[in-house]
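A.B. asks: Here it is, the structure, as structure tokens.
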Amino acid sequence: MPSEALIHDIVTGDRFRGMGIGPFMVGRLASLLLTEYRLLRIIIDVNVRNRPSLRMMDKAGLQLSQQTLYISAFGNLVLQKVLKDYP
846 MPSEALIHDI VTGDRFRGMG IGPFMVGRLA SLLLTEYRLL RIIIDVNVRN
896 RPSLRMMDKA GLQLSQQTLY ISAFGNLVLQ KVLKDYP
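Next comes the structure, spelled out in structure tokens:
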């Protein structure tokens with residue numbers, strides 16, 4: 846059984862933005878993964894320039910811990926480099 850999960854591409858339709866759906870989904874999913882599946886770490890892929898996504902993460906009670914560069918080609922991870930660690 847894996848010990849970590851990756852959440853990628855959290856999308857809320859235009860009509861439903863600003864209603865708290867994103868933070869609810871992420872918070873509920875994170876809670877489920879940590880308690881029911883006993884995962885140790887959840888990685889949420891967010892572009893650091895995407896302010897609405899960063900606000901959504903904050904509303905969900907999450908915080909940045911690391912800025913990492915991932916490069917993949919043809920479905921394979923080619924490079925993973927930590928650019929910045931956050932306190």
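Its first residue numbered 846, the sequence shown is counted upward by one per residue in our numbering. Think of the CB as a built atom: it goes at the ideal place given N, C-alpha and C, for glycine as much as any other residue.
Among Arg862, Leu874, Glu881, which one has its Cα closest to the Cα of Ile888?
C.D. replies: Of the candidates Arg862, Leu874, Glu881, the one whose C-alpha sits nearest the C-alpha of Ile888 is Leu874.
A.B. asks: With respect to the beta strand (DSSP E) encompassing Ser917, which residues constitute its N-terminal and C-terminal limits?
C.D. replies: First-last of the beta strand (DSSP E) with Ser917: 911–918.
A.B. asks: Assign Gly863 to buried or exposed, taking buried as 16 or more other Cβ atoms, counted over all protein chains shown, within 10 Å of its Cβ.
C.D. replies: Its Cβ having fewer than 16 others within 10 Å, Gly863 is exposed.
A.B. asks: Give me the residue from His853, Ser848, Val891, Leu924 with the minimum Cα distance to Leu879.
C.D. replies: For Leu879, the nearest C-alpha among the options comes from Ser848.
A.B. asks: Tell me which residue opens and which closes the alpha helix (DSSP H) that Leu885 is part of.
C.D. replies: Leu885 -> no alpha helix (DSSP H), and no H or E assigned at all.
A.B. asks: Assuming Leu884 and Ala850 make a contact with CB atoms under 8 Å, what is their CB distance in whole Å?
C.D. replies: With 8 Å as the limit, Leu884 and Ala850 qualify as a contact, their Cβ atoms being about 5 Å apart.
A.B. asks: Excluding five sequence neighbours on each side, which residues of the same chain lie with their C-beta closer than 7 Å to the C-beta of Leu928?
C.D. replies: Cβ neighbours of Leu928 beyond the five flanking positions: Gln912, Thr913, Leu914.
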